[in-house]
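S.K.: What follows is a single structure, and I will ask about it in a moment.
Given below as structure tokens:
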């Protein structure tokens, strides 16, 4: 039996059980197990790759660290927009890895260069890129610092620093990643029209902007409500100053949200002790909150906030209708939207009214001195159902509980 036959025959097998079995003569067990495990991981993370016959998969760590197909496609859209109207010449990926980002971002460029220190990953890239239809690809088995010192000009240079230190522990700070962009960025900006850097979604954006020079765009990328990537675009021709923030929530109906105002303007606060029954309640998506542009979001859609620190916003139906009819805003706000049924404080009489006929509900806390578990125990509510409770603080310091249902016109 050949390696290929063994892999095809056992592609769906349990990898742990398979590792304990004796393999037929002539089969490279370690290689085949890696390919089967890689295929199984790729089915969910990289469906197009998984459906492509002949792909070589790397060791598990590289599979875990590589981008998903959907986020790689988004980065491809960034590269395409930055070079729109021009004839893209050269794309360089200084940290090639498994090559998922490279395989998408390199599309449309006349020349694409994949740079990677690990020989096993370079071998996989040499094999995989032609299978994926990429031509004019150069594989450079070297480190990014050496390569950047000896390369020519490029349209776009992409870098995804390894977020692990020498002992294998995860890191977040830019200067703790490999390579250290803080010492390399001036060389990159001298060689590229644009530098695109993928950073940890846990990194504080304000800190990133202090560390990186000439940032012109910040992209916060979520998938199904979970923040996955923070991407910064730099350009030597762009002076430090105005930055465009792009907030996306992939695999959802959410529209992308773009603004250039981060903390410069403040949304108005609802001038009441409690929100009014019948109003709509908005919880901005994870990308907007991570980017810190929730006030700009509220002002674009005409929303009022409940408290400077709560990140909950409200409006009436008339306001919602006016803004969803605005073609520039492209439909509904990128947020979870609820209809307020009732709201009140935490007095016994108020809670009795709010919890009438409720034995279960979904609880969210925003700027509130308790945990969800503690509040659930206090309210004696099981998890689930169609009723939503938001425990929060109003602008006058009053703690309230807002009872809601999902807004029927909201497709999310």
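Numbering (the working numbering), first residue to last: 1 to 412.
Each residue gets a CB set at the ideal place from its N, CA and C atoms; glycine is no exception.
DSSP state of residue 397, grouped into three classes?
M.R.: Taking the chain shown and counting its residues from 1, the one referred to as residue 397 is at position 397. In the structure shown, residue 397 sits in coil (DSSP, three-state: anything other than H, G, I, E or B).
S.K.: Rounded to whole angstroms, what's the CA-CA distance from residue 210 to residue 182? Just pull it up for me.
M.R.: Working through the chain shown from its first residue, we reach residue 210 at position 210. Working through the chain shown from its first residue, we reach residue 182 at position 182. Those two C-alpha atoms are separated by around 10 Å.
S.K.: Using a beta-carbon distance below 8 Å, is residue 247 in contact with chain B?
M.R.: The structure shown contains no chain B, having only a single protein chain.
S.K.: Does DSSP classify residue 3 as helix, strand or coil?
M.R.: For this step, residue 3 is matched to residue 3 along the chain shown. Of the three classes helix, strand and coil, the one that applies to residue 3 here is helix, per DSSP.
S.K.: On the three-state DSSP scale, how would you describe residue 358?
M.R.: In the chain shown, counting from the first residue as 1, residue 358 sits at position 358. Three-state DSSP puts residue 358 in coil, outside helix and strand.
S.K.: Which runs of the alpha helix (DSSP H) fall wholly inside the segment 248–332 and span at least 4 residues, in chain order?
M.R.: If we require 4 residues or more, the alpha helix (DSSP H) runs fully inside the segment 248–332 come out as 286–291, 294–301, 317–324.
S.K.: For residue 238, report the span of its alpha helix (DSSP H) as first-last.
M.R.: By 1-based counting over the chain shown, the position of residue 238 is 238. Unbroken run through residue 238: none, as it is neither H nor E.
S.K.: Per DSSP, residue 233 is paired with what?
M.R.: Reading the chain shown from its first residue, position 233 is the one you call residue 233. Answer by DSSP bridge pairing, in chain order: 196, 217.
S.K.: Smallest Cα separation from residue 28: which of 5, 13, 46?
M.R.: Here residue 28 corresponds to residue number 28 of the chain shown, with the count starting at 1. Among 5, 13, 46, the Cα nearest to that of residue 28 belongs to 5.
S.K.: Keeping to the same chain, check which residues put their C-beta closer than 6 Å to that of residue 384; ignore five residues upstream and five downstream.
M.R.: Residue numbering aside, residue 384 sits at position 384 when the chain shown is read from its first letter. Contacts found: 360.
S.K.: What are the complete beta strand (DSSP E) segments, minimum 3 residues, inside the segment 133–183?
M.R.: Fully enclosed beta strand (DSSP E) runs of 3 or longer: 137–140, 154–159.
S.K.: Measuring CA to CA, which of 246, 401, 372 is closest to residue 74?
M.R.: Position 74 of the chain shown, counted from the start, is the residue given in the question as residue 74. Considering only alpha carbons, the answer is 246.
S.K.: Apart from the five residues on each side of it in sequence, which residues of its chain come closer than 6 Å, Cβ to Cβ, to residue 415?
M.R.: No information on residue 415 is available, as it lies outside the stretch 1 to 412 that the chain covers here.
S.K.: What residues in its chain sit with their C-beta under 6 Å from that of residue 93, if we drop five residues either side in the sequence?
M.R.: Within the chain shown, the letter at position 93 stands for residue 93. Cβ within range, chain order: 102, 114, 158.
S.K.: Please classify residue 393: is it buried, with 16 or more other beta-carbons within 10 angstroms of its beta-carbon, or exposed?
M.R.: As a first step, residue 393 must be located in the chain shown, where it is residue number 393. Its Cβ being crowded by 16 or more others within 10 Å, residue 393 is buried.
S.K.: Give every residue of the same chain whose Cβ lies closer than 7 Å to the Cβ of residue 22, excluding the five residues on either side of it in the sequence, and list them in chain order.
M.R.: As a first step, residue 22 is located in the chain shown; it is residue number 22 there, counting from the start. Cβ within range, chain order: n/a, list empty.
S.K.: Inspect the beta-carbon positions of residue 339 and residue 405 and report whether they are closer than 8 Å.
M.R.: Numbered from its first residue, the chain shown carries residue 339 at position 339. Numbered from its first residue, the chain shown carries residue 405 at position 405. Taking 8 Å as the Cβ cut-off, residue 339 and residue 405 qualify as a contacting pair.
S.K.: Give me the Cα-Cα distance between residue 91 and residue 139, rounded to the nearest whole angstrom.
M.R.: Sequence index remark: in the chain shown, residue 91 carries index 91 (1-based). Sequence index remark: in the chain shown, residue 139 carries index 139 (1-based). Those two C-alpha atoms are separated by around 12 Å.
S.K.: With distances taken from CA atoms, which of 284, 273, 185 is nearest residue 227?
M.R.: Residue mapping note: residue 227 aligns to position 227 of the chain shown, counting from 1. Nearest of 284, 273, 185 to residue 227, Cα basis: 284.
S.K.: Can you give the Cα-Cα distance for residue 55 and residue 66, rounded to whole angstroms?
M.R.: In the chain shown, residue 55 corresponds to position 55, counting from 1. In the chain shown, residue 66 corresponds to position 66, counting from 1. Cα to Cα, residue 55 sits roughly 15 Å from residue 66.
S.K.: Measuring CB atoms only, is the segment 314–323 touching the segment 296–303, in the sense that at least three cross pairs come out at less than 8 Å?
M.R.: They touch, by the three-pair rule.
S.K.: Tell me the DSSP bridge mates of residue 227?
M.R.: Here residue 227 refers to the residue found at position 227 when the chain shown is read from its first residue. Beta-bridge pairing links residue 227 to 222.
S.K.: Take residue 152 as the anchor and find which of 287, 192, 57 has the nearest alpha-carbon.
M.R.: The residue given as residue 152 occupies position 152 in the chain shown. Checking every option, the nearest Cα to that of residue 152 belongs to 192.
S.K.: What separation, rounded to the nearest whole angstrom, lies between the Cα atoms of residue 208 and residue 216?
M.R.: Against the chain shown, residue 208 aligns to sequence position 208. Against the chain shown, residue 216 aligns to sequence position 216. If I take the Cα positions, the gap works out to 13 Å.
S.K.: Can you give me the C-alpha to C-alpha distance between residue 333 and residue 282, rounded to a whole angstrom?
M.R.: Reading the chain shown from its first residue, position 333 is the one you call residue 333. Reading the chain shown from its first residue, position 282 is the one you call residue 282. The alpha-carbon atoms of residue 333 and residue 282 are separated by roughly 8 Å.
S.K.: Relative to the alpha-carbon of residue 52, which residue among 133, 400, 391 has its alpha-carbon at the smallest distance?
M.R.: As a working note, residue 52 is residue 52 in the chain shown. When each option's Cα is compared against that of residue 52, the closest is 133.
S.K.: According to DSSP, simplified to helix, strand and coil, what is residue 90?
M.R.: Along the chain shown, read from residue 1 onward, the residue named residue 90 stands at position 90. Note: residue 90 maps to strand in three-state DSSP.
S.K.: Taking the C-alpha atoms as reference points, what is the distance between residue 400 and residue 36?
M.R.: Within the chain shown, numbered from 1, the residue matching residue 400 stands at position 400. Within the chain shown, numbered from 1, the residue matching residue 36 stands at position 36. Cα-Cα distance, rounded: 53 Å.
S.K.: Suppose the cutoff is 6 Å on Cβ atoms and the five residues either side in sequence are ignored; what does the same chain contact list for residue 231 look like?
M.R.: Indexing the chain shown from 1 puts residue 231 at position 231. Closer than 6 Å at Cβ, skipping near neighbours: 198, 219.
S.K.: Do you know how far the Cα of residue 163 is from the Cα of residue 123?
M.R.: Counted from its first residue, the chain shown places residue 123 at position 123. Counted from its first residue, the chain shown places residue 163 at position 163. Between residue 123 and residue 163, the C-alpha separation is close to 23 Å.
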